[in-house]
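The block underneath contains the structure these notes are about, expressed in structure tokens.
Number of protein chains: 2
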Amino acid sequence: MDIDLARQLSQDGESKILLFVMDGLGGLPHLKTGRTELESADIPHLDRLARESACGFTVPVAPGVTPGSGPGHLALFGYDPFKYNIGRGVLEAAGIDFDLRPQDVAARGNFCTVDGKGVVTDRRAGRITTETCGELCAALRQIRLDGVELFVEPVREHRFVFVLRGDDLSEAVADTDPQREGAEPLEPGATAPEGKATARLVARFVDEAKRILADPSTRSASSGQASSGQASPANMLLLRGFARRPDWPSMSEVFKLRPAAVAHYPMYRGLAKLVGMEALPAGPGLDDSIATVRENWGRFDYFFLHYKHTDSAGEDGDFERKVAKLEEVDAAIPSLLELGPDVLMVAGDHSTPAALAAHSWHPVPFLMRAPWTRADPCTAFNEPALLQGSLGTFPAVEALPLAMAHAGRLTKYGA
Amino acid sequence: MDIDLARQLSQDGESKILLFVMDGLGGLPHLKTGRTELESADIPHLDRLARESACGFTVPVAPGVTPGSGPGHLALFGYDPFKYNIGRGVLEAAGIDFDLRPQDVAARGNFCTVDGKGVVTDRRAGRITTETCGELCAALRQIRLDGVELFVEPVREHRFVFVLRGDDLSEAVADTDPQREGAEPLEPGATAPEGKATARLVARFVDEAKRILADPSTRSASSGQASSGQASPANMLLLRGFARRPDWPSMSEVFKLRPAAVAHYPMYRGLAKLVGMEALPAGPGLDDSIATVRENWGRFDYFFLHYKHTDSAGEDGDFERKVAKLEEVDAAIPSLLELGPDVLMVAGDHSTPAALAAHSWHPVPFLMRAPWTRADPCTAFNEPALLQGSLGTFPAVEALPLAMAHAGRLTKYGA
Numbered sequence: 032m033d034i035d036l037a038r039q040l041s042q043d044g045e046s047k048i049l050l051f052v053m054d055g056l057g058g059l060p061h062l063k064t065g066r067t068e069l070e071s072a073d074i075p076h077l078d079r080l081a082r083e084s085a086c087g088f089t090v091p092v093a094p095g096v097t098p099g100s101g102p103g104h105l106a107l108f109g110y111d112p113f114k115y116n117i118g119r120g121v122l123e124a125a126g127i128d129f130d131l132r133p134q135d136v137a138a139r140g141n142f143c144t145v146d147g148k149g150v151v152t153d154r155r156a157g158r159i160t161t162e163t164c165g166e167l168c169a170a171l172r173q174i175r176l177d178g179v180e181l182f183v184e185p186v187r188e189h190r191f192v193f194v195l196r197g198d199d200l201s202e203a204v205a206d207t208d209p210q211r212e213g214a215e216p217l218e219p220g221a222t223a224p225e226g227k228a229t230a231r232l233v234a235r236f237v238d239e240a241k242r243i244l245a246d247p248s249t250r251s252a253s254s255g256q257a258s259s260g261q262a263s264p265a266n267m268l269l270l271r272g273f274a275r276r277p278d279w280p281s282m283s284e285v286f287k288l289r290p291a292a293v294a295h296y297p298m299y300r301g302l303a304k305l306v307g308m309e310a311l312p313a314g315p316g317l318d319d320s321i322a323t324v325r326e327n328w329g330r331f332d333y334f335f336l337h338y339k340h341t342d343s344a345g346e347d348g349d350f351e352r353k354v355a356k357l358e359e360v361d362a363a364i365p366s367l368l369e370l371g372p373d374v375l376m377v378a379g380d381h382s383t384p385a386a387l388a389a390h391s392w393h394p395v396p397f398l399m400r401a402p403w404t405r406a407d408p409c410t411a412f413n414e415p416a417l418l419q420g421s422l423g424t425f426p427a428v429e430a431l432p433l434a435m436a437h438a439g440r441l442t443k444y445g446a
Numbered sequence: 032m033d034i035d036l037a038r039q040l041s042q043d044g045e046s047k048i049l050l051f052v053m054d055g056l057g058g059l060p061h062l063k064t065g066r067t068e069l070e071s072a073d074i075p076h077l078d079r080l081a082r083e084s085a086c087g088f089t090v091p092v093a094p095g096v097t098p099g100s101g102p103g104h105l106a107l108f109g110y111d112p113f114k115y116n117i118g119r120g121v122l123e124a125a126g127i128d129f130d131l132r133p134q135d136v137a138a139r140g141n142f143c144t145v146d147g148k149g150v151v152t153d154r155r156a157g158r159i160t161t162e163t164c165g166e167l168c169a170a171l172r173q174i175r176l177d178g179v180e181l182f183v184e185p186v187r188e189h190r191f192v193f194v195l196r197g198d199d200l201s202e203a204v205a206d207t208d209p210q211r212e213g214a215e216p217l218e219p220g221a222t223a224p225e226g227k228a229t230a231r232l233v234a235r236f237v238d239e240a241k242r243i244l245a246d247p248s249t250r251s252a253s254s255g256q257a258s259s260g261q262a263s264p265a266n267m268l269l270l271r272g273f274a275r276r277p278d279w280p281s282m283s284e285v286f287k288l289r290p291a292a293v294a295h296y297p298m299y300r301g302l303a304k305l306v307g308m309e310a311l312p313a314g315p316g317l318d319d320s321i322a323t324v325r326e327n328w329g330r331f332d333y334f335f336l337h338y339k340h341t342d343s344a345g346e347d348g349d350f351e352r353k354v355a356k357l358e359e360v361d362a363a364i365p366s367l368l369e370l371g372p373d374v375l376m377v378a379g380d381h382s383t384p385a386a387l388a389a390h391s392w393h394p395v396p397f398l399m400r401a402p403w404t405r406a407d408p409c410t411a412f413n414e415p416a417l418l419q420g421s422l423g424t425f426p427a428v429e430a431l432p433l434a435m436a437h438a439g440r441l442t443k444y445g446a
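Chains as they are written, first to last, in this note's numbering: chain A, 32 to 446; chain B, 32 to 446.
Here it is in structure tokens:
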């Protein structure tokens with residue numbers, strides 16, 4: 032369902048929808064046991080839920096396509112991830128809870144190492160510590176650019192966020208990151224005529240930054256410590272993904288929902304805010320997050336509840352830890368059900384099989400407990416069992432419209 | 032398959048396709064037995080047919096979307112219901128077999144009640160009888176508008192069809208129906224510059240109608256009876272869905288079929304005529320309809336046979352009657368098979384579960400008996416059994432191309 036049709040058919044109501052996202056949910060068989068993480072976990076509550084629900088798999092973006100966290104979540108929020116595409120700079124800013132304003136232009140930054148000829152020898156500057164990254168960002172903040180405000184904010188290790196704030200800025204600026212070692216950083220040129228002035232500002236920043244980073248006293252100056260006199264490996268920077276905060280129709284406008292996000296990690300709160308969700312404070316534990324949902328139950332009719340650790344364990348290739356995290360989630364399912372959502376979706380933004388130690392393209396386990404579902408022969412919440420589900424394998428972007436239908440929030444199409 | 036591709040690949044032939052539509056076919060489990068209408072019905076012929084056919088479910092419009100009868104049927108006829116969208120006025124005119132001409136503009140009308148200040152207090156005028164509706168329509172037909180012919184035809188209870196016939200009319204006229212009580216009827220303004228003249232004619236009609244309807248002698252005058260002197264609750268009218276008959280490519284042009292519709296209810300005949308089917312006279316019973324198909328078997332190679340009562344029972348929330356109607360259909364299946372169609376589809380335009388007493392968004396049971404189908408493990412014609420079907424859950428608009436393929440009526444795509 033595209034956004035225009037959703038706008039036309041959605042209607043207000045009293046019913047409540049709860050989307051519970053286990054990040055990186057889907058898995059692959061363990062090489063020794065032949066069983067996936069979900070099959071290996073002892074998850075009686077999820078299994079029972081599967082027996083009571085309509086089950087299947089979501090395809091986050093397209094068959095064979097491994098999604099980043101942005102598209103994976105946007106699809107579950109009901110936004111076609113091809114049409115609603117977030118620039119890297121914006122996602123990175125969201126990831127550190129940076130309050131990006133509509134006129135700002137943000138880019139993702141890497142500190143890197145260049146040799147004497149200016150050729151990149153390490154795109155990640157030996158993965159400097161986050162502390163060092165913070166010191167270098169502080170040093171770069173001293174740069175002054177005419178007519179614009181400048182932000183340089185550390186993310187993690189060699190990664191930072193670069194933001195320009197001012198009037199008439201443009202996102203039409205080319206990456207300076209050559210995306211490989213053995214090449215020089217690229218000039219920050221304009222990708223369209225309207226990007227020329229912004230590209231000049233970026234070029235000026237890069238020039239000054241190069242000078243500051245090449246100076247061995249920089250770290251000590253900013254941290255107030257005596258210089259070691261040694262050249263830092265982080266003697267240059269690369270920028271990519273220049274982007275403005277997108278101006279998207281909100282979930283309340285399109286779907287007539289009052290939506291809230293409960294996520295401990297800033298990036299997911301940032302994503303949720305892009306579609307107009309109110310981000311509620313959430314503690315690190317799933318119990319904390321569920322408590323937040325409970326306290327705010329009356330104020331909203333759509334909740335996005337995010338659980339991160341299944342993905343982290345998968346990314347680390349730690350099969351056993353992912354199993355343990357699934358069991359941790361399972362123990363919390365009764366308290367989710369006690370909230371009494373009319374429609375409960377248990378979903379993932381993508382699969383992160385421990386066997387791959389990375390996001391993957393595999394369809395993602397999904398269940399929807401709702402009024403008016405048909406009988407569904409699926410008897411457990413794991414990949415082989417879910418193949419019996421009545422929902423089959425379907426685009427993730429269809430999950431919200433389906434939930435809306437079951438919640439009585441969609442009117443008829445056509446006479 | 033879109034219309035352009037269908038036009039390119041379709042070819043003439045001798046094979047015959049029969050689409051049998053059980054309106055509102057799909058259901059939901061009964062709260063007590065846990066079995067759907069189809070599961071509860073004794074339908075040995077349909078079950079046997081399912082064993083011999085390729086089975087699955089159609090999605091009439093889009094996942095989660097509850098279709099009206101128009102989109103539900105157009106999809107089965109092979110027309111994308113988003114691209115081929117019928118205005119309410121046209122569907123309403125089709126529903127009373129009104130012979131809408133290409134230049135006519137039609138709207139759906141409601142008689143309503145307004146208070147002394149002109150505010151709508153009942154959008155349905157207390158659901159006046161169809162007889163009263165007819166009397167009021169006769170009174171309104173006396174209105175004269177410069178240069179155009181006027182039709183005001185009763186439908187049922189408070190509903191009527193309003194048609195303007197003349198040159199240079201436009202459908203770009205706004206609804207006068209505020210869609211809620213407590214508001215005044217809206218002005219019939221133009222929604223585009225070309226609608227101005229037509230909007231003025233509509234405004235003139237509404238003014239005169241208001242005067243006639245407010246006069247207590249109107250009913251008696253038109254019916255030739257003595258006036259009761261009482262004010263009628265139907266003292267105003269609302270118009271919505273101004274539309275022209277769409278000019279769509281016909282099934283014979285696109286699919287190279289000679290198509291016929293056999294439907295007792297006028298609306299379905301009207302829909303079929305919009306895609307170029309010839310509407311054959313059909314009696315009220317299914318046996319009558321099948322007899323009509325038999326008599327015309329030689330003249331056409333595509334038949335759309337419509338059965339209404341499954342939907343009516345579902346709409347009334349009458350589970351047992353829907354079961355009985357399914358059994359009535361089942362008894363007629365042998366005579367359908369005796370016709371010897373090369374491809375037989377048994378389908379529904381949408382689900383109408385008795386549990387909801389309304390159209391719903393649930394995928395619709397479907398089977399296709401045809402040459403060259405593969406083995407299909409489905410053993411019965413009901414919702415749980417059809418989950419085993421080889422066709423899975425697919426867009427209804429794909430049903431006709433699939434049938435065409437099995438009928439040998441589609442050529443190869445590409446070299």
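Every residue gets a Cβ at the ideal spot worked out from N, C-alpha and C, and that includes glycine.
Only a predicted model underlies this, so the values are computations on that prediction, with no experimental measurement involved.
* Under 6 Å Cβ to Cβ from ALA448 of chain A, same chain only, skipping five residues before and after it: list those, please. => Because chain A in this structure spans residues 32 to 446, residue 448 of chain A falls outside the shown range and cannot be described.
* To do: Quick one: which unbroken beta strand (DSSP E) runs of 3-plus residues sit fully inside the region 171-212 of chain B? Chain order, please.
  => 180-187 and 190-196
* To do: Specify, as a first and last residue, the run of the alpha helix (DSSP H) that VAL324 of chain A falls within.
  => Position 293 of the first sequence, counted from the first residue, corresponds to residue 324 of chain A. Unbroken alpha helix (DSSP H) run through VAL324 of chain A: 317-326.
* **Simplified DSSP assignment, three categories, for GLY149 of chain A** => Counting from 1 along the first sequence, the entry for residue 149 of chain A is found at position 118. Reduced to three states, the DSSP call for GLY149 of chain A is coil.
* To do: Put HIS104 of chain B into one of helix, strand or coil per three-state DSSP.
  => Mapped onto the second sequence, residue 104 of chain B falls at position 73. Note: HIS104 of chain B maps to helix in three-state DSSP.
* Applying a beta-carbon distance threshold of less than 8 Å, which residues of chain B neighbour PRO408 of chain A? -> As a first step, residue 408 of chain A is located in the first sequence; it is residue number 377 there, counting from the start. Residues of chain B passing the Cβ test: PRO415 and LEU418.
* Asked: Are the beta-carbon atoms of SER41 of chain A and PHE273 of chain A separated by less than 8 Å?
  -> Within the first sequence, the letter at position 10 stands for residue 41 of chain A. Within the first sequence, the letter at position 242 stands for residue 273 of chain A. Not a contact, by the Cβ cut-off of 8 Å.
* From the beta carbon of TYR444 of chain B, is the nearest beta carbon of chain A less than 8 Å away? -> Reading the second sequence from its first residue, position 413 is the one you call residue 444 of chain B. No - not a single Cβ of chain A is within 8 Å of the one on TYR444 of chain B.
* Could you check where the alpha helix (DSSP H) with ILE243 of chain A kicks off and where it finishes? -> Residue mapping note: residue 243 of chain A aligns to position 212 of the first sequence, counting from 1. Taken as a continuous stretch (DSSP letters only), the alpha helix (DSSP H) holding ILE243 of chain A covers 227-245.
* Leaving out five residues before and five after ALA138 of chain B in sequence, what residues of the same chain have Cβ atoms less than 7 Å from its Cβ? -> For this step, residue 138 of chain B is matched to residue 107 along the second sequence. GLY120, PHE193, LEU270, ARG271, GLY272 and PHE273.
* Who are the neighbours of PRO432 of chain A on chain B, taking C-beta pairs under 8 Å? -> Residue 432 of chain A sits at position 401 when you count from the first residue of the first sequence. Here the neighbours are ALA93, PRO94, GLY95 and VAL96.
* Asked: For LYS356 of chain B, which residues from the same chain have a beta carbon less than 6 Å from its beta carbon, with the 5 sequence-adjacent residues on both sides left out?
  -> In the second sequence, the residue the question calls residue 356 of chain B occupies position 325. Cβ within range, chain order: HIS340, THR341 and ALA344.
* Helix, strand or coil at THR161 of chain B [DSSP, three-state] -> As a position in the second sequence, residue 161 of chain B is number 130, starting the count at 1. Looking at THR161 of chain B - three-state DSSP - the assignment turns out to be helix.
* Asked: Are PRO396 of chain A and GLY140 of chain A touching if we call contact CB-CB under 8 Å?
  -> By 1-based counting over the first sequence, the position of residue 396 of chain A is 365. By 1-based counting over the first sequence, the position of residue 140 of chain A is 109. Going by C-beta atoms, PRO396 of chain A is not nearer than 8 Å to GLY140 of chain A.
* To do: Tell me, please, whether the region 180-192 of chain A touches the region 206-214 of chain A by the rule of three or more beta-carbon pairs shorter than 8 Å.
  => no
* **ARG66 of chain B versus GLY379 of chain A: straight-line alpha-carbon distance, rounded** => As a first step, residue 66 of chain B is located in the second sequence; it is residue number 35 there, counting from the start. As a first step, residue 379 of chain A is located in the first sequence; it is residue number 348 there, counting from the start. Their backbone Cα atoms lie some 31 Å apart in a straight line.
* Asked: What in chain B is Cβ-close to MET435 of chain A, meaning under 7 Å?
  -> The residue you call residue 435 of chain A lines up with position 404 of the first sequence. The contacting residues are GLY95.
* Taking only runs that begin and end inside the region 55-138 of chain B, name each unbroken beta strand (DSSP E) of 3 or more residues, in chain order. => 85-90
* Output the distance between the C-alpha atoms of ASP146 of chain A and ALA386 of chain A, rounded to the nearest integer angstrom. => Against the first sequence, residue 146 of chain A aligns to sequence position 115. Against the first sequence, residue 386 of chain A aligns to sequence position 355. Looking at the two C-alpha atoms, the distance is approximately 37 Å.
* For GLU45 of chain A, which residues in chain B fall below 7 Å Cβ to Cβ? -> On the first sequence, residue 45 of chain A is found 14 positions in, with the first residue counted as 1. Near GLU45 of chain A there are no residues of chain B at all, since even the closest Cβ is about 18 Å away, more than 7 Å.
* Under a three-way DSSP split, which group does GLY439 of chain A fall into? -> The count along the first sequence starts at 1 and reaches residue 439 of chain A at position 408. GLY439 of chain A: coil per DSSP, three-state reduction.
* Helix, strand or coil at MET399 of chain B according to DSSP, with G and I counted as helix -> Within the second sequence, the letter at position 368 stands for residue 399 of chain B. Correct three-state label for MET399 of chain B: strand.
* Asked: In three-state DSSP terms, what is HIS295 of chain B?
  -> The residue labelled residue 295 of chain B in the question sits at position 264 within the second sequence. Here HIS295 of chain B sits in coil by DSSP.
* How many angstroms separate the CA atom of ASP246 of chain A from the CA atom of SER263 of chain A? -> As a first step, residue 246 of chain A must be located in the first sequence, where it is residue number 215. As a first step, residue 263 of chain A must be located in the first sequence, where it is residue number 232. When rounded, the distance between both Cα atoms is 9 Å.
* Simplified DSSP assignment, three categories, for MET282 of chain A -> As a position in the first sequence, residue 282 of chain A is number 251, starting the count at 1. MET282 of chain A: helix per DSSP, three-state reduction.
* Asked: Is any beta-carbon of chain A found at less than 8 Å from that of THR383 of chain B?
  -> Here the question's residue 383 of chain B lines up with position 352 in the second sequence. By this cut-off, THR383 of chain B is not an interface position.
* Output the distance between the C-alpha atoms of LEU171 of chain A and PRO185 of chain A, rounded to the nearest integer angstrom. => Within the first sequence, numbered from 1, the residue matching residue 171 of chain A stands at position 140. Within the first sequence, numbered from 1, the residue matching residue 185 of chain A stands at position 154. So the alpha carbons of these two residues sit roughly 11 Å apart.
* To do: Taking C-beta pairs closer than 7 Å, name the residues in chain A that HIS390 of chain B reaches, listed in chain order.
  => As a position in the second sequence, residue 390 of chain B is number 359, starting the count at 1. Under the 7 Å cutoff, chain A gives LYS443.
* Asked: My guess is that LEU302 of chain A and ALA125 of chain A are in contact by the Cβ rule of under 8 Å, so how many angstroms apart are they, rounded?
  -> Within the first sequence, numbered from 1, the residue matching residue 302 of chain A stands at position 271. Within the first sequence, numbered from 1, the residue matching residue 125 of chain A stands at position 94. Their Cβ separation, rounded to whole angstroms, is 6 Å, which keeps LEU302 of chain A and ALA125 of chain A in contact under 8 Å.
* Any beta-carbon of chain A closer than 8 Å to the one on ILE117 of chain B? -> Walking along the second sequence from the start, residue 117 of chain B turns up at place 86. For ILE117 of chain B, the answer is yes, since a Cβ of chain A falls inside 8 Å of its Cβ.
* Below 8 Å, can you find three or more Cβ-Cβ pairs linking the region 289-298 of chain B to the region 316-328 of chain B? -> yes
* Taking the C-alpha atoms as reference points, what is the distance between ARG275 of chain B and GLY197 of chain B? -> Position 244 of the second sequence, counted from the start, is the residue given in the question as residue 275 of chain B. Position 166 of the second sequence, counted from the start, is the residue given in the question as residue 197 of chain B. Whole-angstrom Cα-Cα distance: 12 Å.
* Should ALA430 of chain A be labelled buried (16 or more other beta-carbon atoms within 10 Å of its own) or exposed? -> The residue you call residue 430 of chain A lines up with position 399 of the first sequence. ALA430 of chain A comes out buried.
* Scan the region 328-414 of chain A and note each continuous alpha helix (DSSP H) run of 4 residues or more that stays entirely inside, going in chain order. => 340-346 and 350-369
* Between which two residues does the beta strand (DSSP E) containing LEU50 of chain B stretch? -> The residue given as residue 50 of chain B occupies position 19 in the second sequence. 48-53 is the extent of the beta strand (DSSP E) around LEU50 of chain B.
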